[in-house]
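Asker: Numbering (the working numbering), first residue to last: 353 to 451.
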């Protein structure tokens with residue numbers, strides 16, 4: 353289980369680096385204008401229909417949680433995946449010493 357979680361953390365960290373690099377390249381292409389893609393934007397790029405379906409479901413069935421979820425979707429994609437990946441890497445990292 354620990355090996356699988358280390359692999360998941362590595363994948364999340366690589367995704368964060370890819371998203372950060374994509375934001376840096378886009379910022380350079382726009383003449384230095386800072387560009388940061390949010391989780392909602394990344395999800396919309398991957399599958400806009402499912403994002404819209406999720407927002408409709410959230411509005412109809414879980415209105416109390418809509419605003420916190422929208423705020424979470426507005427956070428930078430590289431920040432969320434990177435932080436979760438690093439936390440998992442620390443939790444499931446290799447232990448030194450006798451086992």
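We put the CB at the ideal spot given by N, CA and C, even for glycine.
Taking 8 Å as the cut-off, decide whether the C-beta atoms of residue 374 and residue 433 are in contact.
Answerer: Locating residue 374 in the chain shown gives position 22, where the first residue counts as 1. Locating residue 433 in the chain shown gives position 81, where the first residue counts as 1. The answer is no: Cβ separation not under 8 Å.
Asker: Whole angstroms is fine: what's the gap from residue 354's alpha carbon to residue 392's?
Answerer: Sequence index remark: in the chain shown, residue 354 carries index 2 (1-based). Sequence index remark: in the chain shown, residue 392 carries index 40 (1-based). Going from the Cα of residue 354 to the Cα of residue 392 covers about 30 Å.
Asker: Taking the straight line between their C-alpha atoms, what separation do you get for residue 420 and residue 378?
Answerer: The residue you call residue 420 lines up with position 68 of the chain shown. The residue you call residue 378 lines up with position 26 of the chain shown. Distance between the alpha carbons of residue 420 and residue 378 is about 28 Å.
Asker: What residues are listed by DSSP as bridge partners for residue 390?
Answerer: Position 38 of the chain shown, counted from the start, is the residue given in the question as residue 390. 428, per the DSSP bridge assignment.
Asker: Terminal residues of the continuous alpha helix (DSSP H) containing residue 381?
Answerer: Taking the first residue of the chain shown as 1, we reach residue 381 at position 29. Here the alpha helix (DSSP H) through residue 381 covers 354–381.
Asker: My understanding is that residue 437 touches residue 361, with C-beta atoms under 8 Å, so please give their C-beta distance in whole angstroms.
Answerer: For the purposes of this step, residue 437 is taken as the residue at position 85 of the chain shown. For the purposes of this step, residue 361 is taken as the residue at position 9 of the chain shown. Between residue 361 and residue 437 the Cβ distance is about 5 Å, and since that is below 8 Å, they are a contact.
Asker: Which same chain residues, not among the five before or five after residue 445, have their C-beta less than 8 Å away from its C-beta?
Answerer: Locating residue 445 in the chain shown gives position 93, counting from the first residue. Same-chain partners within the cutoff: 358.
Asker: Helix, strand or coil: how does DSSP classify residue 446 here?
Answerer: Stepping through the chain shown from its first residue, residue 446 is reached at position 94. In this structure, residue 446 counts as coil in the three-state DSSP scheme.
Asker: Apart from the five residues just before and just after residue 439, which ones in its own chain have a Cβ nearer than 6 Å to its Cβ?
Answerer: By one-based count along the chain shown, residue 439 stands at place 87. No residues qualify anywhere along the chain.
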